[in-house]
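Participant: Structure in structure tokens, see below.
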Amino acid sequence: MLDLGAPTGARANAGRTVATLGALLLTLPVDLALVAVALAMRRPNPLAHSDDGPPRTVLITGGKMTKALQLARSFHSAGHRVVLVESRKYRFTGHRFSRAVDAFHCVPEPTAPGYAEALRDVAVVERVDVFVPVSSPAGSVHDARAGDLLREFCDVVHVDAATVRMLDDKTEFSTTAASLGLRVPDFRRITDAQQVVDFDFPPGRIYILKRLAYNPVGRMDLVPLSAETPEHNATVARSLRISPDDPWILQEFVEGQEYCTHGTVRDGRLQVYGCCESSAFQINYAHVDKPEILSWVEAFVAALDITGQASFDFIEGADGHPYAIECNPRTHSAITMFYDHPDVAAAYLDEGHPVITPRPEARPTYWIYHEVWRLLTQPKRAARLATILRGTDAIFAWWDPLPYFMVHHLQIPSLLVANLRARRGWSRIDFNIGKLVEPGGD
Numbered sequence: 122m123l124d125l126g127a128p129t130g131a132r133a134n135a136g137r138t139v140a141t142l143g144a145l146l147l148t149l150p151v152d153l154a155l156v157a158v159a160l161a162m163r164r165p166n167p168l169a170h171s172d173d174g175p176p177r178t179v180l181i182t183g184g185k186m187t188k189a190l191q192l193a194r195s196f197h198s199a200g201h202r203v204v205l206v207e208s209r210k211y212r213f214t215g216h217r218f219s220r221a222v223d224a225f226h227c228v229p230e231p232t233a234p235g236y237a238e239a240l241r242d243v244a245v246v247e248r249v250d251v252f253v254p255v256s257s258p259a260g261s262v263h264d265a266r267a268g269d270l271l272r273e274f275c276d277v278v279h280v281d282a283a284t285v286r287m288l289d290d291k292t293e294f295s296t297t298a299a300s301l302g303l304r305v306p307d308f309r310r311i312t313d314a315q316q317v318v319d320f321d322f323p324p325g326r327i328y329i330l331k332r333l334a335y336n337p338v339g340r341m342d343l344v345p346l347s348a349e350t351p352e353h354n355a356t357v358a359r360s361l362r363i364s365p366d367d368p369w370i371l372q373e374f375v376e377g378q379e380y381c382t383h384g385t386v387r388d389g390r391l392q393v394y395g396c397c398e399s400s401a402f403q404i405n406y407a408h409v410d411k412p413e414i415l416s417w418v419e420a421f422v423a424a425l426d427i428t429g430q431a432s433f434d435f436i437e438g439a440d441g442h443p444y445a446i447e448c449n450p451r452t453h454s455a456i457t458m459f460y461d462h463p464d465v466a467a468a469y470l471d472e473g474h475p476v477i478t479p480r481p482e483a484r485p486t487y488w489i490y491h492e493v494w495r496l497l498t499q500p501k502r503a504a505r506l507a508t509i510l511r512g513t514d515a516i517f518a519w520w521d522p523l524p525y526f527m528v529h530h531l532q533i534p535s536l537l538v539a540n541l542r543a544r545r546g547w548s549r550i551d552f553n554i555g556k557l558v559e560p561g562g563d
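Residue numbers for the sequence shown follow this note's numbering, so the first one is 122 and each next one is one higher.
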């Protein structure tokens, strides 16, 4: 994510926004030249082929996100028709200009009344055969409710609403996993700050507090708590406004390498799977082989017998075993690792398809504006440059270059201008998700 530092006031935020717009304007000629060359070359889609059976019309939500673009390209490459939708706020998403998108519609925000009905109307008009939501954290349950409406006349690749709620709740997820004999860190559900004060912290072990509700700004602020810091523990807990209506999880902090996974599941069978090293600001994806993590995921989704997409976060502890930290019942941005895989559409749509993983020759994916920012502002520039040369941008494709240009010079600038006019603050630009990270945002 492109992080320009926290604003210190309305005027400072406005100045930072204008400066960012200026920086994007400076890069416009370079991007324009790149896209012009790509358009002039008229390269064909290297993955173009037809799946067995008739082509289907696939409805994809979350049109602002790179992962929606990646799925659109995968379905299009297999000969299917793609309908992309997004809310009016993100109507200028660069992905609507993709060669892989056959139709684009604006619908209400997932949390707004009428969202499910609007998706149903789009599905009827476009004669949709398959619904594949690319959900935001705030939209997963609402996409599940929409799926209940759409399931009457099309296939739905999404987890049901009750299971989404369970998986999204970090304590319920951990309880379910532990009941299946799968490793998770020690945890407690916290509904009152006094519970943290009264908790008997085991000596030598560190715990952290995480809000159960989605927290786009504060989710990176993980303060260590331990038996050695009782006053600090109490101060932190009492500053968080913990309540029965806004519960938190007190979770043991497992020190080690983090991993994230993407999984697409049908009837409890894993059919698409990718695993990457992870970090707090994860914006690089390269597949790694971790058999114990794969076994954990397979056992969990089989026990729940779910159909849909599920992403998991793990930490590999000092004992060499992975511990599941949380589950996000939706598409993971790691799906971009499948940019050159010809079987993604079939693995999403066909029951009983063998599990696919990223191809061994696939280059790691990144977002070039994030990488250039880190190259200019962080140490170890040689390593950062090597990352850029070794990998590939997740948005740009020679056969489909317009989304790259439009994301950086229409989608993000339009959000910055709207933010400036509304005098709202923002902390980061997330080119991957295609949004500004704002307090109370999606």
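For each residue, glycine too, the CB sits at the ideal point set by N, CA and C.
Which of the three DSSP states is assigned to R549 in this structure?
Facilitator: Numbered from its first residue, the sequence shown carries residue 549 at position 428. DSSP places R549 in strand when its eight states are reduced to three.
Participant: Which residues in the same chain have their Cβ closer than 7 Å to the Cβ of A265, if we skip the five residues on either side of it in sequence?
Facilitator: Against the sequence shown, residue 265 aligns to sequence position 144. Once the five neighbours on either side are set aside, the close Cβ partners of A265 are H279, V280, D281, A282 and V285.
Participant: So, F225 versus L205, is the Cβ gap smaller than 7 Å?
Facilitator: Against the sequence shown, residue 225 aligns to sequence position 104. Against the sequence shown, residue 205 aligns to sequence position 84. In contact: F225 and L205 (Cβ atoms closer than 7 Å).
Participant: Please state the DSSP three-state secondary structure of Y460.
Facilitator: Here the question's residue 460 lines up with position 339 in the sequence shown. Three-state result, Y460: coil.
Participant: Taking three-plus beta-carbon pairs below 8 Å as touching, is the stretch 392-410 in contact with the stretch 267-279?
Facilitator: Short answer: they don't touch.
Participant: State yes or no: is the C-beta of S261 within less than 7 Å of the C-beta of P450?
Facilitator: As a first step, residue 261 must be located in the sequence shown, where it is residue number 140. As a first step, residue 450 must be located in the sequence shown, where it is residue number 329. In contact: S261 and P450 (Cβ atoms closer than 7 Å).
Participant: I'd like the list of long-range same chain contacts for H566, defined as Cβ closer than 7 Å, with 5 residues on each side in sequence excluded.
Facilitator: Limits of the chain in this structure are 122 at one end and 563 at the other, which puts residue 566 out of reach.
Participant: Kindly confirm or deny that the stretch 390-402 and the stretch 458-477 touch, where touching means at least three C-beta pairs closer than 8 Å.
Facilitator: Yes: at least three Cβ pairs fall under 8 Å.
Participant: What's the call for P306, buried or exposed, on a 16-neighbour Cβ count within 10 Å?
Facilitator: Taking the first residue of the sequence shown as 1, we reach residue 306 at position 185. That one is buried.
Participant: Measuring straight from C-alpha to C-alpha, what distance separates V139 and T356?
Facilitator: Along the sequence shown, one-based indexing puts residue 139 at 18. Along the sequence shown, one-based indexing puts residue 356 at 235. Rounded to whole angstroms, V139 to T356 spans 38 Å at the Cα level.
Participant: Going by C-alpha to C-alpha distance, which of I370, H383, A423 and R177 sits closest to I311?
Facilitator: As a first step, residue 311 must be located in the sequence shown, where it is residue number 190. Of the candidates I370, H383, A423 and R177, the one whose C-alpha sits nearest the C-alpha of I311 is I370.
Participant: At the level of alpha carbons, what is the spacing between A131 and G302?
Facilitator: On the sequence shown, residue 131 is found 10 positions in, with the first residue counted as 1. On the sequence shown, residue 302 is found 181 positions in, with the first residue counted as 1. The straight-line gap from Cα to Cα measures roughly 51 Å.
Participant: Would you give the residue range spanned by the alpha helix (DSSP H) that D319 belongs to?
Facilitator: Looking up residue 319 in the sequence shown gives position 198. Counting along the chain, the alpha helix (DSSP H) containing D319 begins and ends at A314 to D319.
Participant: Tell me which same chain residues have a C-beta within less than 7 Å of the C-beta of D172, skipping the five on either side of it?
Facilitator: As a first step, residue 172 is located in the sequence shown; it is residue number 51 there, counting from the start. A199, G200, A466 and A467.
Participant: Applying the 10 Å Cβ sphere with the 16-neighbour rule, what's the burial state of K501?
Facilitator: Here residue 501 refers to the residue found at position 380 of the sequence shown. K501 comes out exposed.
Participant: Just confirm the distance between the C-beta atoms of I554 and D514, as a whole number of angstroms; I'd bet it's less than 8 Å.
Facilitator: Working through the sequence shown from its first residue, we reach residue 554 at position 433. Working through the sequence shown from its first residue, we reach residue 514 at position 393. That belief does not hold up - the Cβ atoms of I554 and D514 are roughly 15 Å apart, past 8 Å.
Participant: Identify, in the order they occur along the chain, each residue of the same chain with its Cβ nearer than 6 Å to the Cβ of D563, setting aside the five sequence neighbours on each side.
Facilitator: Counting from one through the sequence shown, the residue named residue 563 turns up at place 442. Result list for D563: S257 and A259, in chain order.
Participant: Quick check: the Cα distance between N134 and Q532, rounded to an integer number of angstroms?
Facilitator: Within the sequence shown, the letter at position 13 stands for residue 134. Within the sequence shown, the letter at position 411 stands for residue 532. Using only the alpha carbons, I get a separation of about 19 Å.
Participant: Just to confirm my understanding: we take R217, look at its own chain, exclude 5 residues before and 5 after, and list those with CB closer than 7 Å. What are they?
Facilitator: Residue numbering aside, residue 217 sits at position 96 when the sequence shown is read from its first letter. Cβ within range, chain order: G184, L205 and F225.
Participant: Decide if the stretch 156-166 is in contact with the stretch 517-530; the criterion is three or more beta carbon pairs, one per stretch, under 8 Å apart.
Facilitator: These segments touch.
Participant: Could you check if G384 is buried or exposed, using at least 16 other CB atoms within 10 Å of its CB as the buried criterion?
Facilitator: For the purposes of this step, residue 384 is taken as residue 263 along the sequence shown, with counting starting at 1. It counts as buried.
Participant: Check whether the Cβ atoms of G438 and G377 lie closer than 7 Å to each other.
Facilitator: Within the sequence shown, numbered from 1, the residue matching residue 438 stands at position 317. Within the sequence shown, numbered from 1, the residue matching residue 377 stands at position 256. Yes; because the gap between Cβ atoms is below 7 Å, this pair is in contact.
Participant: Give me, in chain order, the residues of the same chain whose beta-carbon lies closer than 8 Å to that of D276; leave out the 5 immediate sequence neighbours on both sides.
Facilitator: In the sequence shown, residue 276 corresponds to position 155, counting from 1. Excluding positions up to five away in sequence, the list reads D250, V251, F252 and L470.
Participant: What residue ranges within the stretch 215-276 form continuous alpha helix (DSSP H) runs of no fewer than 4 residues, ordered along the chain?
Facilitator: Within the stretch 215-276, the complete alpha helix (DSSP H) runs of at least 4 residues are 236-247 and 261-271.
Participant: Between which two residues does the beta strand (DSSP E) harbouring D152 extend?
Facilitator: Taking the first residue of the sequence shown as position 1, residue 152 is located at position 31. Not the beta strand (DSSP E): D152 falls in the alpha helix (DSSP H), residues A131 to M162.
Participant: Taking its Cβ as the centre, do 16 or more other Cβ atoms sit within 10 Å of S300, making it buried, or is it exposed?
Facilitator: One-based indexing of the sequence shown puts residue 300 at position 179. Burial call: exposed.
Participant: In this structure, how does DSSP classify P90 when only helix, strand and coil are distinguished?
Facilitator: Because the chain spans 122 through 563 in this model, residue 90 falls outside it and cannot be assessed.
Participant: Any idea what DSSP makes of Q499, helix, strand or coil?
Facilitator: Stepping through the sequence shown from its first residue, residue 499 is reached at position 378. Residue state, collapsed to three classes: coil.
Participant: If you draw a straight line from the C-alpha of E413 to the C-alpha of Y380, how long is it?
Facilitator: Position 292 of the sequence shown, counting from 1, holds the residue named residue 413. Position 259 of the sequence shown, counting from 1, holds the residue named residue 380. Rounded to the nearest angstrom, the two C-alpha atoms are 12 Å apart.
Participant: Express the C-alpha separation of A358 and T442 in angstroms, rounding to a whole number.
Facilitator: As a working mapping, residue 442 is identified with position 321 in the sequence shown. As a working mapping, residue 358 is identified with position 237 in the sequence shown. Checking the sequence, you will find His at residue 442 rather than Thr. Rounded to whole angstroms, H442 to A358 spans 30 Å at the Cα level.
Participant: Considering only their Cβ atoms, is the gap separating R387 from E472 smaller than 7 Å?
Facilitator: Stepping through the sequence shown from its first residue, residue 472 is reached at position 351. Stepping through the sequence shown from its first residue, residue 387 is reached at position 266. Their beta carbons are under 7 Å apart, which means E472 touches R387 by this criterion.
Participant: Roughly how many whole angstroms lie between the Cα atoms of S535 and T382?
Facilitator: As a first step, residue 535 must be located in the sequence shown, where it is residue number 414. As a first step, residue 382 must be located in the sequence shown, where it is residue number 261. Rounded to the nearest angstrom, the two C-alpha atoms are 32 Å apart.
Participant: Would A189 and V255 be called neighbours here (beta carbons separated by less than 7 Å)?
Facilitator: Here residue 189 refers to the residue found at position 68 of the sequence shown. Here residue 255 refers to the residue found at position 134 of the sequence shown. Result yes, Cβ atoms of A189 and V255 sit closer than 7 Å.
Participant: Taking the continuous beta strand (DSSP E) assigned at T178, which residues delimit it?
Facilitator: Locating residue 178 in the sequence shown gives position 57, counting from the first residue. Segment T178 to I181, the beta strand (DSSP E) holding T178.
Participant: Mind checking whether V375 and I436 have CB atoms under 7 Å apart?
Facilitator: For the purposes of this step, residue 375 is identified with residue 254 of the sequence shown, where counting begins at 1. For the purposes of this step, residue 436 is identified with residue 315 of the sequence shown, where counting begins at 1. A contact, by the Cβ cut-off of 7 Å.
Participant: Let me make sure I understand the geometry here. Which of A431, L506 and V493 has the alpha-carbon closest to that of M287?
Facilitator: Indexing the sequence shown from 1 puts residue 287 at position 166. When only C-alpha atoms are compared, the closest one is A431.
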